[in-house]
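Trainee: Below is a structure I'd like to ask you about.
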Amino acid sequence: MAYSVPTLLLSSMEQNNVRHRCKPQEEDRLGALTDDILLSILGSVDLATAARTSALSTRWRSLPWLLPELNLHVRDFLPVPCPDYPVAAALRIFFYSKIPAQHINQAMASLTRAARSFLRTKHSGTVTKMSLEIYLVGNYSHDIGPLVRDVIDNGTVRELDLTIADDKDFRCKHADMLQKARVVDGFFSTYPNVLPCLTRLHLYNLRFAEGDMLHRTLFDCCKQLQHLSLDHCDTGDGSVWQIDAPSSGLRVLELRYSYLKRLEVRCLPKLELLRWEVWLHNETPLHFGSVPCLKELFLLCGADIDHPGFSLSQLLDGATDIHTLTLNFQGEKLWIQPESRQLRAAFSKLRKLSIYGIYVEFDLLWTINLLEAAPTVEVFEVEAFEHPCSVPFWARVGLQRVQPSWKTPGFTSCSKWQLRELHFGSFSPLVGHHMLFVREVMGRAPKLETVLLMENEEPCKKCKAMGALPTPVGGMFPRSKDEQEAIAKQLRDKRIVSSSSAAKIVFKSIASTVVF
2 MAYSVPTLLL
12 SSMEQNNVRH
22 RCKPQEEDRL
32 GALTDDILLS
42 ILGSVDLATA
52 ARTSALSTRW
62 RSLPWLLPEL
72 NLHVRDFLPV
82 PCPDYPVAAA
92 LRIFFYSKIP
102 AQHINQAMAS
112 LTRAARSFLR
122 TKHSGTVTKM
132 SLEIYLVGNY
142 SHDIGPLVRD
152 VIDNGTVREL
162 DLTIADDKDF
172 RCKHADMLQK
182 ARVVDGFFST
192 YPNVLPCLTR
202 LHLYNLRFAE
212 GDMLHRTLFD
222 CCKQLQHLSL
232 DHCDTGDGSV
242 WQIDAPSSGL
252 RVLELRYSYL
262 KRLEVRCLPK
272 LELLRWEVWL
282 HNETPLHFGS
292 VPCLKELFLL
302 CGADIDHPGF
312 SLSQLLDGAT
322 DIHTLTLNFQ
332 GEKLWIQPES
342 RQLRAAFSKL
352 RKLSIYGIYV
362 EFDLLWTINL
372 LEAAPTVEVF
382 EVEAFEHPCS
392 VPFWARVGLQ
402 RVQPSWKTPG
412 FTSCSKWQLR
422 ELHFGSFSPL
432 VGHHMLFVRE
442 VMGRAPKLET
452 VLLMENEEPC
462 KKCKAMGALP
472 TPVGGMFPRS
482 KDEQEAIAKQ
492 LRDKRIVSSS
502 SAAKIVFKSI
512 ASTVVF
């Protein structure tokens, strides 16, 4: 019996096991499915699983080549499953860094065999896009590179999603980062046709010696690039990276744990989303020039106790079309300076505002300053932060977190407020300022329809390991319906709330959702 290319990835014993496990009745049921359904099933599994299906029947052998996208991910060949993007994107680099070198070599050897089996075989399928995740270790790049080059040259693959993983975490030494950048640049120099084909690129632990080289590689050569993710990548400690790419089609830019002093986006005409998680300098991290399509901005960082803060209105100058803004303080000091009316120009088109990582003991009324500057906001999300596992050094030596110094705005006319939904994560009714904050918003928002009060998520693994589970100051989330009903009545009490609110109040715990 002749086997297809995918079947070559399996041993004869594996082929026999697959055939024996599939009984005639099961084959009949599978045979009744249309190709579209079977392709949908194959598209949701990794390459190794898809390869095993080719031993089921003659019909299954050609199906992998009918998929619109071919996925070759080194994580699928590792002995330990990797967390999926984007749920654990920020943790992916830590996962990679814990993998033994032997497992990396074995996984790359298996991936190389799979790539050779698939990509060296002529076929008449519909694959036009390939997602490739590799380590540039050993000589594997000399095996993978020519295969990728050839399928691009012959027109089989027109779009490439490339991730170059690394075996180090954020503590990777600067000298190592420079060396890794040279290896990556060498790969692209050896196989230059890869760059124009890239639609998505994810890089780790690179320090480019010259900003011009980074710009030339990512923007001048990658004409199709739409999504760029850089984890622990920069052009030098305290450096300024300037992006001026009027012909770029980049739509998504993500940075994580960067030593950049500042990112200056002078021109990215198609950029829609910018996400920056953790910067290590106290100055304003961003400057915008021409970003006419920028609609969503996500900023996450835990500031040091001596962080002076920066002006959010100045940071957003030049980006006045944002409709979704997310700020996450990770339970630390606020890194934005007190502002309200100064933000009106930047917030003129804002529809969703999310303020996460507010330390559980911090007052929340300061956030109303942001709402008053953004009457167009329809969804407002806040989330309290309490993680016993996350105690900064300065707190361990007896220093206290710095409370927000913002003044609570007086009650002014809020008739123009468009707010329809208030979401409160890690809500605790016995924390006085939690109740006060919700009542204040309910009293100011005439069009409010829904107040969603949510329980804290399951404790993180580190908190569990410490045996120190989060217990908000004053009490936990109300679980009984009687408790929830009593809280709903307090929130609607006309003697306390300055205006009558018809908004429904929803209590969402881990186990249930109750509406009042």
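Read in order, the letters of the sequence shown correspond to residues 2 to 517 in our numbering. Just so you know, even glycine gets a beta-carbon here, dropped at the ideal spot from N, CA and C.
1. Measure the C-alpha to C-alpha separation of L298 and S355 and round it to an integer number of angstroms.
2. Sorted by chain position, which residues of the same chain lie with C-beta nearer than 7 Å to R342's C-beta, five sequence neighbours on each side aside?
3. Can you tell me the Cα-Cα spacing of E284 and L272, whole angstroms?
4. How big is the Cα-Cα spacing for L251 and Y258?
5. What is the DSSP secondary structure of V158, counted as helix, strand or coil?
6. Round the Cβ separation of D186 and T218 to the nearest angstrom and send it over; I've been treating them as touching at under 8 Å.
7. Quick check on this structure: which residue in P197, A210, F209, D235 has the alpha carbon closest to the alpha carbon of Q227?
8. Would you tell me roughly how many angstroms separate the C-alpha atoms of D364 and R117, rounded to the nearest one?
9. Would you check whether the ligand ATP has a heavy atom nearer than 7 Å to the C-beta of N194?
10. Is the distance from the Cβ of A346 to the Cβ of V361 below 8 Å?
11. Could you check where the beta strand (DSSP E) with N283 kicks off and where it finishes?
12. Along the chain, which unbroken stretches of the alpha helix (DSSP H) at least 4 residues long are found entirely within the segment 426-453?
13. Suppose you measure from the CA of P101 to the CA of L453; what does that come to, to the nearest Å?
14. If contact is defined by three or more beta carbon pairs under 8 Å, each pair taking one atom from either stretch, is the segment 171-184 in contact with the segment 144-161?
15. Once the 5 residues before and after T1 are set aside, which same chain residues still bring their CB inside 8 Å of it?
16. Which of helix, strand or coil does DSSP assign to L199?
17. Quick one: what does DSSP say F363 is sitting in, helix, strand or coil?
18. Beta-carbon separation of L420 and V383 under 8 Å?
19. What residue from F209, S142, A210, Q243 has the CA that sits closest to T550's CA?
20. Have a look at A110, I337, A176 and flag the residue whose alpha-carbon is nearest the alpha-carbon of L301.
21. By the DSSP assignment, the alpha helix (DSSP H) with H308 in it spans what residues?
22. Can you check which of these residues, E333, L313, R267, is closest to L326 by C-alpha distance?
23. Which ranges does the alpha helix (DSSP H) cover as unbroken runs of at least 4 residues, wholly within the segment 329-387, from first to last along the chain?
24. Per DSSP, F508 forms a beta bridge with which residues?
25. Once the 5 residues before and after N329 are set aside, which same chain residues still bring their CB inside 6 Å of it?
26. Which of helix, strand or coil does DSSP assign to K482?
27. Can you give me the C-alpha to C-alpha distance between V279 and G303, rounded to a whole angstrom?
28. Tell whether a beta-carbon distance below 8 Å holds between T451 and A489.
29. Give the C-beta separation of K296 and D322 to the nearest angstrom, bearing in mind that I take them to be a contact with Cβ-Cβ under 8 Å.
30. A108 and V75 look like a contact to me (Cβ under 8 Å); what is the Cβ gap, rounded to whole Å?
31. Going by CA-CA distance only, name the one from V292, P293, I306 that's closest to H282.
32. Determine the burial state of H175: buried for a count of at least 16 other Cβ atoms within 10 Å of its Cβ, exposed for fewer.
33. Compute the beta-carbon to beta-carbon distance between R267 and S291, rounded to the nearest angstrom, for a pair I have assumed lies under 8 Å.
34. Is it buried or exposed for M178, if we count other Cβ within 10 angstroms and need 16 for buried?
35. Taking the beta strand (DSSP E) that S230 belongs to, which residues open and close that run?
36. Work out the CA separation of L264 and S41 for me, nearest whole Å.
Mentor: In terms of the structure at hand:
1. 11 Å
2. A374
3. 23 Å
4. 21 Å
5. coil
6. 7 Å
7. P197
8. 59 Å
9. For the ligand ATP, the structure offers nothing, since it holds no ligand at all.
10. no
11. Run containing N283: none; DSSP gives neither H nor E here.
12. 433-445
13. 44 Å
14. no
15. The first residue shown for the chain is 2 and the last is 517, placing residue 1 beyond what the model contains.
16. strand
17. coil
18. no
19. One cannot answer for residue 550 here, as it falls past the ends of the chain, which runs 2 to 517.
20. I337
21. It is not in any alpha helix (DSSP H) - H308 carries neither H nor E in the DSSP assignment.
22. L313
23. 369-374
24. L454, V515
25. L301, Y357, G358
26. helix
27. 7 Å
28. no
29. 6 Å
30. 5 Å
31. I306
32. exposed
33. 7 Å
34. buried
35. 228-235
36. 40 Å
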